[in-house]
Every structure is written in C-alpha cells, then in structure tokens.
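Visitor: Would you mind keeping the following structure in view while I ask a few things?
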Amino acid sequence: MVTLAIKAQSPWQDAHFVGGHPVLDLTNTVFDRNHPAEDGELLNTPSDVLTWCASAGLFEETPPLPEASAKDLVPEVQAVREQAWAVFSAIARGEAAPAGPFGALLERAGKGVGADQVQRIDAALDRFTADWTAPGAIPAVLSLLAVHAVFTLPSGRVRACGRCGWLFLDSSRGGRRRWCNMSICGNREKARRHRQGRTP
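The sequence shown lines up with residues 1 to 200 when you count with UniProt numbering.
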C-alpha cells in the first residue's frame, strides 16, 4: 500500500472553531458564506483536511493516508460539508432539514466505516476512534457526526452569523448571539454601520 506522508502544519486557529460543534465548524471551512469568493475555500488539500480534523479533535495525531484515499478525500469532505451546510442552514432558518442532503449524509455515514474499523481507545470513558486510513473513513465519520447533530443539537439554537453566514450553536444565556465571533464579524459590522451613519 502506498501512503502519503503529509506534513501536518496546521493553518487552523481558534477563530476557525466558533461553531460550538465539529459539524458546524466543518460547514464554516468556506471563508464567507454570504459573499462567496473564488479563493474562499479553506479545504484545498488532503493536508488541510487532516489538520482540520486534528484541530477539531477527531484524532490526536495525523494518520498516514493511503494514496488512493488521498485522491478522493478533499472532494468527498467538501461534499459532506455542503450537505451539512444545506441541512444546518435550513435549521438555522427554522426550516426542516432538506431530505436530499440529509439522505446523502445518512447514506455516506452508513457505508464508509465498518464495525471492524472502530476501536475503543478509552474503556473508562467509552471513547472510540475509527481506522482513519480506511478509504472513505473520514467523510463517513463526518457524515455520522452530522446525522447525530441533527438529532441532538437544540435546533432553536443553531444560528447563522449575520455578516459572514457561518453557522454556530448559540449558547448565550438569552439566546441572542448574532455573530460567529464578536471580535471579528461583530466589530466589522459595527464599523460598517458607523461608516454608513457618517456618510452624507
């Protein structure tokens, strides 16, 4: 089996993980949902995907990736991301999860990882991991997380940032959070309004 040695230099910062759930953070791996740009894609290479997964806490160290898996990894993870985006952006608008994208997530979750590829890593905490080198394992586990989130996240607390459109779980006491990150989008929106107010 030929594997790719991927140098794991993480481009990810805390500002990339504001969703409050890994699946919402995955949907936010596009720079700006409300104003798409050609260079707005944040998952461009297998290394981007693997370092994102590690930064999101899916695995502790970057696994060796079979060359056959690496070839399809980026488009498959992007497909999962867009399906999750369709589902959770609808939920953020107070709508039902669209059947097509949700069905695609269910299907991918069910066929990408077999029971023989799941390993217990901490018996005391009942923690498990997958054989990340198995073809399709990463997209399948991300799909499984998305399906699980549909059933477990409080739908009334899933929100979209008023400026960039990133999704997040509103855990504020009053449920009035409007921005993915107050210090970024919130301040930029305040500055924009201030400039508009000064324009004659």
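Cβ atoms here follow ideal geometry from the backbone N, Cα and C, with glycine treated the same way. Computed from a predicted structure; not experimentally measured.
Does the Cβ of residue 131 have 16 or more other Cβ atoms within 10 Å, making it buried, or fewer, making it exposed?
Guide: Exposed, by the Cβ-count rule.
Visitor: Do you know offhand how far residue 80's Cα is from residue 12's?
Guide: When rounded, the distance between both Cα atoms is 19 Å.
Visitor: Mind the definition here: the segment 93–104 touches the segment 26–40 only if three or more C-beta pairs lie below 8 Å; say whether that holds.
Guide: Verdict: no, contact absent.
Visitor: Can you tell me the Cα-Cα spacing of residue 50 and residue 85, whole angstroms?
Guide: If you take the alpha carbons of residue 50 and residue 85, they lie about 20 Å apart.
Visitor: In or out: residue 83 buried (at least 16 other Cβ within 10 Å) or exposed?
Guide: Buried: at least 16 other Cβ atoms inside 10 Å.
Visitor: I'd like the list of long-range same chain contacts for residue 153, defined as Cβ closer than 7 Å, with 5 residues on each side in sequence excluded.
Guide: Excluding positions up to five away in sequence, the list reads 21, 169.
Visitor: Can you check which of these residues, 90, 110, 160, 164, is closest to residue 139 by C-alpha distance?
Guide: Comparing Cα-Cα distances from residue 139 to each of 90, 110, 160, 164, the minimum goes to 110.
Visitor: Taking the beta carbon of residue 70 as the centre, do at least 16 other beta carbons fall within 10 Å, making it buried, or is it exposed?
Guide: Label assigned to residue 70: buried.
Visitor: Looking at the ligand ADP, does it come within less than 6 Å of residue 57, judged from the CB to the closest heavy atom?
Guide: Judged by which ligands are present, the structure shown has none, so any question about the ligand ADP falls away.
Visitor: Using only CA atoms, which one of 73, 65, 113, 17 lies nearest to residue 55?
Guide: Closest by alpha carbon: 17.
Visitor: Within 10 Å of its beta-carbon, does residue 25 have 16 or more other beta-carbons around it, so buried, or fewer, so exposed?
Guide: The residue in question, residue 25, is buried, as its Cβ has 16 or more Cβ neighbours within 10 Å.
Visitor: What separation, rounded to the nearest whole angstrom, lies between the Cα atoms of residue 76 and residue 104?
Guide: Their backbone Cα atoms lie some 12 Å apart in a straight line.
Visitor: Quick one, are the C-beta atoms of residue 63 and residue 133 less than 7 Å apart?
Guide: Taking 7 Å as the Cβ cut-off, residue 63 and residue 133 qualify as a contacting pair.
Visitor: Per DSSP, residue 41 is paired with what?
Guide: Answer by DSSP bridge pairing, in chain order: 30.
Visitor: Who are the near neighbours of residue 149 in its chain, counting only those whose CB is closer than 7 Å to its CB and skipping five residues on each side?
Guide: So the list reads 21, 23, once near-sequence residues are dropped.
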